[in-house]
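These notes concern the structure reproduced below.
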């Protein structure tokens with residue numbers, strides 16, 4: 248299995264780098280459209296963003312057939328969203344990416360990030376993790392929380408450039424499918440990579 252694990256690690260690490268690149272596009276939008284706006288490029292980006300997330304879900308399900316890891320991913324993304332929403336509503340002043348998503352603020356971002364750190368701490372206490380593993384869990388969930396925000400912002404950028412509010416109409420009142428999984432696309436590869444590197448048998 249070692250060869251397979253190495254390929255998966257490369258896939259998920261490459262996905263993380265791609266999302267970092269996408270974040271740089273968000274920060275420099277609309278100037279950045281010159282790099283990704285062509286139809287062939289968008290088709291390739293779609294595959295490169297969706298495929299690692301799907302493989303990551305399959306891997307996490309195989310790693311824990313009871314679905315615990317996927318449930319953890321859902322919690323991390325939901326906590327990032329909820330923490331950002333309430334913190335942003337209460338204290339949000341500095342815009343995170345005003346040209347892409349005017350409603351998001353840095354205060355909201357840090358609120359969601361902090362909420363996930365608190366969640367990671369409480370989870371480590373519940374699982375009675377040693378200090379090193381508890382710190383590692385906080386780091387991983389922190390990165391996954393940031394990744395979910397980047398996924399959300401990147402999808403908002405693509406929608407804004409296309410001049411649409413929702414990515415589709417298949418889910419009335421909830422936007423399109425991509426509006427529901429944008430955070431997943433970026434966060435799942437991070438969690439899968441972390442499991443490969445630190446949790447799977449023989450990882451450490």
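Residue numbers (our numbering): 248 to 451. All residues carry an ideal CB built from backbone N, CA and C; glycine is no exception.
| Can you name the start and end residues of the beta strand (DSSP E) that residue 359 belongs to? | Within the chain shown, the letter at position 112 stands for residue 359. Here residue 359 belongs to no beta strand (DSSP E); instead the alpha helix (DSSP H) covers 353-374.
| Where does residue 325 fall in DSSP's three states? | Within the chain shown, numbered from 1, the residue matching residue 325 stands at position 78. Three-state DSSP puts residue 325 in a helix.
| query | Would you call the CB atoms of residue 436 and residue 270 closer than 8 Å? | reply | Here residue 436 refers to the residue found at position 189 when the chain shown is read from its first residue. Here residue 270 refers to the residue found at position 23 when the chain shown is read from its first residue. Cβ atoms of residue 436 and residue 270: not closer than 8 Å.
| task | Report all residues from its chain with a CB closer than 6 Å to the CB of residue 362; omit the five preceding and five following residues, and keep chain order. | result | The sequence position of residue 362 within the chain shown is 115, counting from 1. 326, 330.
| request: Report yes if the C-beta distance between residue 388 and residue 367 is below 8 Å; otherwise report no. | output: Along the chain shown, one-based indexing puts residue 388 at 141. Along the chain shown, one-based indexing puts residue 367 at 120. Contact: yes.
| query | Would the segment 304-321 and the segment 339-346 be scored as touching if the rule is three or more Cβ pairs under 8 Å? | reply | no
| Per DSSP, residue 344 is paired with what? | Stepping through the chain shown from its first residue, residue 344 is reached at position 97. DSSP, once it has assigned bridges, lists 348 as partnering residue 344.
| query | DSSP state of residue 394, grouped into three classes? | reply | The residue labelled residue 394 in the question sits at position 147 within the chain shown. Residue 394: helix per DSSP, three-state reduction.
| query | Exposed or buried, what is residue 288 when buried is set at 16 or more other beta-carbons lying within 10 Å of its beta-carbon? | reply | Counting from one through the chain shown, the residue named residue 288 turns up at place 41. It is exposed - the Cβ of residue 288 has fewer than 16 other Cβ atoms within 10 Å.
| request: Can you give me the start and stop residues for the alpha helix (DSSP H) that residue 273 sits inside? | output: As a working note, residue 273 is residue 26 in the chain shown. Residue 273 -> alpha helix (DSSP H) spans 249-274.
| said: Please report the straight-line C-alpha distance between residue 262 and residue 256, rounded to a whole angstrom. | reply: Here residue 262 refers to the residue found at position 15 of the chain shown. Here residue 256 refers to the residue found at position 9 of the chain shown. Taking the straight line from one Cα to the other gives about 10 Å.
| Three-state class that DSSP yields for residue 377 in the structure shown | Within the chain shown, the letter at position 130 stands for residue 377. DSSP places residue 377 in coil when its eight states are reduced to three.
| When the Cβ atoms of the segment 370-377 are set against those of the segment 301-309, are three or more pairs found closer than 8 Å? | no
| Taking the Cβ atom as the reference point for each residue, do residue 432 and residue 297 lie within a distance shorter than 8 Å? | Reading the chain shown from its first residue, position 185 is the one you call residue 432. Reading the chain shown from its first residue, position 50 is the one you call residue 297. Cβ atoms of residue 432 and residue 297: closer than 8 Å.
| said: Considering just the uninterrupted stretch of the alpha helix (DSSP H) at residue 286, what are its terminal residues? | reply: Translated into the one-based positions of the chain shown, residue 286 becomes position 39. First-last of the alpha helix (DSSP H) with residue 286: 286-310.
| task | Please state if the CB of residue 438 and the CB of residue 391 are separated by a distance shorter than 8 Å. | result | Residue 391 sits at position 144 when you count from the first residue of the chain shown. Residue 438 sits at position 191 when you count from the first residue of the chain shown. Against a cut-off of 8 Å, the Cβ pair of residue 438 and residue 391 comes out as a contact.
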